[in-house]
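**Student:** Okay, handing you the structure first.
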């Protein structure tokens, strides 16, 4: 099992042959289907190939067998976002911050999604737009509150988001 796993990792990362890497990881997972590292590497390989529905299934499997895997929830949220399922993506990121309240990237992603929903021109409900902007603002501020623990570039992006939202709110007042 470990040999197949290592070969899969080698093909995927060093030899840049994701198809062989996936084949090796599949053999390894046949032996030990609950290995979280293997499942995550499989999902990453599938993601690189643009096989998002399979990526989602991998992360769902991981979560089903390991309900506190922050990385699985975070990556599943990103996959849901990539396929346009904002509600499920937000649910995943909310789970991330419940498991890890200092996960700035999850807050940031939620802020972007709430901001995107607020600015969606097809939404004509002003109260919903305001609510989404308020949620985005809270998420951006959560990132800024974590500034001593995270990448300064993420803090800068969050401050930019706060400024944009506050300017938008002021123009609508």
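In our numbering, the protein residues as written are 8 to 180. The beta-carbon is built from N, C-alpha and C at its ideal position, and this holds for glycine as well.
1) From the DSSP output, in three-state form, read off residue 15 for me.
2) Are the beta-carbon atoms of residue 76 and residue 43 separated by less than 8 angstroms?
3) Compute the distance between the beta-carbons of residue 32 and residue 52, then report whether it is under 8 angstroms.
4) Among 37, 84 and 72, which one has its Cα closest to the Cα of residue 54?
5) Output the residue ranges of the alpha helix (DSSP H) runs that lie fully inside the segment 59–113 and measure 4 residues or longer, sorted by chain position.
6) Quick one: is residue 179 buried, meaning 16 or more other Cβ sit within 10 Å of its Cβ, or exposed?
7) Among the candidates 20, 156 and 96, whose CA atom is the shortest distance from the CA of residue 116?
8) Using C-beta distances below 7 angstroms, list every residue in its chain close to residue 93, excluding the 5 sequence neighbours before and after it, in chain order.
9) Helix, strand or coil: how does DSSP classify residue 41 here?
10) Tell me where the alpha helix (DSSP H) around residue 176 begins and ends.
11) Am I right that residue 150 and residue 140 are in contact with their C-beta atoms under 8 angstroms? What's the rounded C-beta distance?
12) Would you check if the distance between the CB atom of residue 36 and the CB atom of residue 49 is smaller than 8 angstroms?
**Tutor:** According to the structure data:
1) DSSP places residue 15 within a helical segment (H, G or I) once states are collapsed to three.
2) In this structure, residue 76 places its C-beta atom within 8 angstroms of the C-beta atom of residue 43.
3) Contact: yes.
4) Considering only 37, 84 and 72, the residue with the shortest C-alpha distance to residue 54 is 84.
5) Taking only runs of at least 4 residues, the alpha helix (DSSP H) segments lying wholly in the segment 59–113 are 59–72, 77–89 and 93–106.
6) Residue 179 comes out exposed.
7) Closest option to residue 116, Cα to Cα, is 96.
8) Same-chain partners within the cutoff: 120 and 124.
9) It is coil, neither helix nor strand.
10) Residue range 159–178 is occupied by the alpha helix (DSSP H) that includes residue 176.
11) Between residue 150 and residue 140, the beta carbon gap of about 16 angstroms keeps them out of contact (Cβ cut-off 8 angstroms).
12) For residue 36 and residue 49, yes; Cβs fall inside 8 angstroms.
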